[in-house]
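As structure tokens, the structure follows; a few thoughts come after it.
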Amino acid sequence: MTDLTTHRKAGTKSKFRRRGSDLPFFLVMSGISSCFILLIVLLIAADLMFTSFEDFRAAVMKPEIQSAFRLTILSCTIAALLSIWVATPLGYLLSRYRFPGRLLIDTIVDIPIVLPPLVLGLSLLILFHLPFGNWELEAWLRDDIGFPVTYRWPAVILAQFSVSCAFAVRTMRVTFDQINPRAEDVARTLGCTRGQAFLQIALPQSWRGMIAATTIAWARALGEFGPILVFAGATRMRTEVLSTTVFLELSIGQLNAAVAVSLLMVAIAVVVLVVLRVLGTGLTS
Amino acid sequence: MIEFQNVCIRAGDFQLKDVTFEIGSGQYAVLMGRTGRGKTTILESLCGLRRVQSGKIMIRGMDVTDWPPGDREIGYVPQDLALFPTFSVAEHLKFALHLRRFHTTQIERRVHELAEMLGITHLLKRQIEGLSGGESQRVALGRALSFRPTVLLLDEPLSALDAETREEIQTLLRTLTENTGVTTLHITHNAAEATALADRCFHIVDGQVTEESMNQTEQASRANSTAS
Numbered sequence: 001m002t003d004l005t006t007h008r009k010a011g012t013k014s015k016f017r018r019r020g021s022d023l024p025f026f027l028v029m030s031g032i033s034s035c036f037i038l039l040i041v042l043l044i045a046a047d048l049m050f051t052s053f054e055d056f057r058a059a060v061m062k063p064e065i066q067s068a069f070r071l072t073i074l075s076c077t078i079a080a081l082l083s084i085w086v087a088t089p090l091g092y093l094l095s096r097y098r099f100p101g102r103l104l105i106d107t108i109v110d111i112p113i114v115l116p117p118l119v120l121g122l123s124l125l126i127l128f129h130l131p132f133g134n135w136e137l138e139a140w141l142r143d144d145i146g147f148p149v150t151y152r153w154p155a156v157i158l159a160q161f162s163v164s165c166a167f168a169v170r171t172m173r174v175t176f177d178q179i180n181p182r183a184e185d186v187a188r189t190l191g192c193t194r195g196q197a198f199l200q201i202a203l204p205q206s207w208r209g210m211i212a213a214t215t216i217a218w219a220r221a222l223g224e225f226g227p228i229l230v231f232a233g234a235t236r237m238r239t240e241v242l243s244t245t246v247f248l249e250l251s252i253g254q255l256n257a258a259v260a261v262s263l264l265m266v267a268i269a270v271v272v273l274v275v276l277r278v279l280g281t282g283l284t285s
Numbered sequence: 001m002i003e004f005q006n007v008c009i010r011a012g013d014f015q016l017k018d019v020t021f022e023i024g025s026g027q028y029a030v031l032m033g034r035t036g037r038g039k040t041t042i043l044e045s046l047c048g049l050r051r052v053q054s055g056k057i058m059i060r061g062m063d064v065t066d067w068p069p070g071d072r073e074i075g076y077v078p079q080d081l082a083l084f085p086t087f088s089v090a091e092h093l094k095f096a097l098h099l100r101r102f103h104t105t106q107i108e109r110r111v112h113e114l115a116e117m118l119g120i121t122h123l124l125k126r127q128i129e130g131l132s133g134g135e136s137q138r139v140a141l142g143r144a145l146s147f148r149p150t151v152l153l154l155d156e157p158l159s160a161l162d163a164e165t166r167e168e169i170q171t172l173l174r175t176l177t178e179n180t181g182v183t184t185l186h187i188t189h190n191a192a193e194a195t196a197l198a199d200r201c202f203h204i205v206d207g208q209v210t211e212e213s214m215n216q217t218e219q220a221s222r223a224n225s226t227a228s
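First to last, the protein sequences are chains Y and F.
My numbering puts the first residue of the first sequence at 1, with every later residue one more than the last.
My numbering puts the first residue of the second sequence at 1, with every later residue one more than the last.
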């Protein structure tokens, strides 16, 4: 103690100062991080430089693209809402209970995430047209129910839902993993059934996770292309969504229109992500 | 009032075998034992959150072994309190009463009575976030006692509190249990706490629950305080 005081008085403060600076840490971390951010910004900047406002305006005025825009917004919203409906109970069950076959279910949930998109579309197509004796799912839906699916708009939603739901389930499972199950236990001792404990205690705590899962499902549905192409086709004004528009415009050599639609998709994604994030977590977080 | 008859419970790696003890109506019992010996497991089995392998659990002379937790009329305060993050203090006190479909005026009357008893009237409109340890403890106690349970289970309720607050809550616990006549089982590591509160003291040793006389507990408490 005396030594320390003496040194301080003697002006040898530098001897006790930490020599290491935090600057290299921040430089390395932000240097690595900025590579990715820069890549994305450059991609968008390149698109912006490639097209002009006139090209963009001409593209979005096309009735085919307007129709694709409407179907995209509608199908993504329906797929995201369906996903959150399924993901909430499934995520809760996987998070809270240990039951036979849990590992298998956990693996099945991940299959749409790892499966190549085209394979998923092909599998959907086969499922709907595989004959079971004299019975076929698509024929039954078309002839008996009056609700044909394949190569129509419901196929677009189903293809989007198949992938986006898997991402929503993952998000909801992590959400419930982070919520203390003890509160639900206490609620049960107070008189709740398991259902009431879920609805009144766990669910209100999971709203941020639900918004995050919906956002991820929506964004995932927007980017879906492969399964839609195989299962719903790419019929203009009928099953065309913006991702298929880019493909169709490219295939007929309309590069300017393809880039314009790509930018439109970027704009929609940014708007939806920002709105949901502001709703869910507030501007500050 | 509370009776364990040859109860066997498996929890992870360890097993409690032939747990047998009884606590009379209105008594304040303390359960002591080293960490990881199954104290919380016994509490969870009693309130129905953990299944028992064999044996019987009786409350008020009724076999409740297979009853769901909500039917056992037990107030439970876990170690981490597990308050409901989306509820206000008043909502905590109302929750069990709403589930029992009490009339609004009855609920309001009970909430104010409880809040006064616990000294948390000024906190009723507050959310849980930002409550102090002592305040949170009072809210958890109020939630557990709101529906006038016949049994109160406390899992180390004073362990995370500073000395002054611990003293306050200890006095409050004694007053509450005397006024309500609720049969209480309280887990603690602290012999002094046991001496101050309990009518009876149980120990878990090698998976068996044995009763210790209060004199022995008092001696242990004195030995601990001398050592420290």
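Ideal placement from N, C-alpha and C gives every residue a C-beta, glycine not left out.
Would you mind working out which of the options sits nearest residue i, comparing C-alpha positions?
| i | options | result |
| --- | --- | --- |
| THR86/F | ILE179/Y, CYS35/Y and ALA46/Y | ILE179/Y |
| ASP199/F | GLU113/F, ARG143/F, ILE23/F and VAL151/F | ILE23/F |
| ARG220/Y | GLN200/Y, ALA166/Y and GLY146/Y | ALA166/Y |
| ALA79/Y | ALA87/Y, LEU127/Y, THR189/Y and PHE161/Y | PHE161/Y |
| PHE69/Y | LEU242/Y, LEU279/Y and ALA257/Y | LEU242/Y |
| GLU224/Y | LEU158/Y, VAL60/Y, MET29/Y and SER206/Y | LEU158/Y |
| PHE129/F | LEU83/F, THR171/F and PHE147/F | Note that residue 129/F is Glu in the sequence shown here, rather than Phe. That would be LEU83/F, whose Cα lies nearest to the Cα of GLU129/F. |
| SER83/Y | VAL169/Y, ALA258/Y, THR244/Y and GLY233/Y | VAL169/Y |
| LYS62/Y | VAL278/Y, VAL275/Y, ALA260/Y and ILE268/Y | ALA260/Y |
| LEU81/Y | ILE216/Y, PHE231/Y, THR239/Y and LEU263/Y | ILE216/Y |
| LEU250/Y | ALA234/Y, ILE268/Y and CYS192/Y | ALA234/Y |
| LYS94/F | HIS103/F, ASP80/F and VAL111/F | VAL111/F |
| ALA59/Y | ASN256/Y, LEU273/Y and LEU90/Y | ASN256/Y |
| ASP80/F | LYS56/F, THR41/F and GLN137/F | GLN137/F |
| ARG60/F | ALA191/F, GLN170/F, GLY48/F and GLU73/F | GLU73/F |
| LEU125/Y | PRO227/Y, THR77/Y, ALA267/Y and THR239/Y | PRO227/Y |
| ARG277/Y | TRP218/Y, LEU190/Y and MET49/Y | TRP218/Y |
| GLU193/F | ALA163/F, ILE2/F, THR35/F and THR121/F | ALA163/F |
| MET172/Y | SER262/Y, LEU94/Y and THR245/Y | LEU94/Y |
| LEU172/F | GLY48/F, GLY55/F, SER54/F and VAL139/F | VAL139/F |
| VAL163/Y | GLY121/Y, GLN196/Y, GLN200/Y and ILE37/Y | GLY121/Y |
Taking buried to mean at least 16 other C-beta atoms within 10 Å of its own C-beta, is residue i buried or exposed?
| i | result |
| --- | --- |
| LEU145/F | buried |
| TYR293/Y | Within the shown structure, residues of chain Y are numbered from 1 to 285, placing residue 293/Y beyond reach of any answer. |
| MET265/Y | buried |
| PHE26/Y | exposed |
| TRP135/Y | exposed |
| GLU184/Y | buried |
| VAL149/Y | buried |
| TRP85/Y | exposed |
| HIS203/F | buried |
| ASP13/F | exposed |
| MET62/F | exposed |
| ILE9/F | buried |
| TRP140/Y | exposed |
| VAL64/F | buried |
| ASP177/Y | exposed |
| ASP155/F | buried |
| ILE118/F | With the sequence shown as reference, residue 118/F is identified as Leu, and Ile is not the correct amino acid for it. Per the 10 Å Cβ criterion, buried. |
| ILE32/Y | exposed |
Applying a beta-carbon distance threshold of less than 9 Å, which residues of chain Y neighbour residue i?
| i | result |
| --- | --- |
| ASP80/F | ASN180 and ARG182 |
| PHE147/F | LEU190 and GLY191 |
Could you list which residues in chain Y have their beta carbon closer than 8 Å to that of residue i, in chain order?
| i | result |
| --- | --- |
| GLY70/F | ARG188, THR189, LEU190, GLY191, CYS192 and THR193 |
| ILE74/F | THR189 |
Run through chain Y and tell me which residues come within less than 7 Å of residue i, C-beta to C-beta.
| i | result |
| --- | --- |
| ILE59/F | Within 7 Å Cβ-Cβ: nothing; ILE59/F doesn't reach chain Y, min ~13 Å. |
| THR86/F | PRO204 and GLN205 |
| LEU100/F | Before going on, a small fix: residue 100/F reads as Arg here, not Leu. Within chain Y, the residues near ARG100/F are GLY191. |
| ALA96/F | LEU190 and GLY191 |
What residues match up with residue i in a beta bridge as DSSP calls it?
| i | result |
| --- | --- |
| THR184/F | TYR28/F and LEU152/F |
| HIS203/F | MET32/F and THR210/F |
| LEU173/F | Paired residues: none, contrary to the question. |
| PRO131/Y | GLU136/Y |
| LEU16/F | ILE9/F |
| SER54/F | CYS8/F |
Run through chain F and tell me which residues come within less than 7 Å of residue i, C-beta to C-beta.
| i | result |
| --- | --- |
| ILE201/Y | PHE84 |
*Got a sec: which bits of the segment 158–191 of chain Y sit with their beta carbon under 7 Å from any beta carbon on chain F, in order along the chain?*
ASN180, ARG182, ALA183, ASP185, VAL186, ARG188, THR189, LEU190 and GLY191
*Residues of the segment 37–58 of chain F with a CB closer than 9 Å to any CB of chain Y: list them in chain order, please.*
GLU44, CYS47, GLY48 and LEU49
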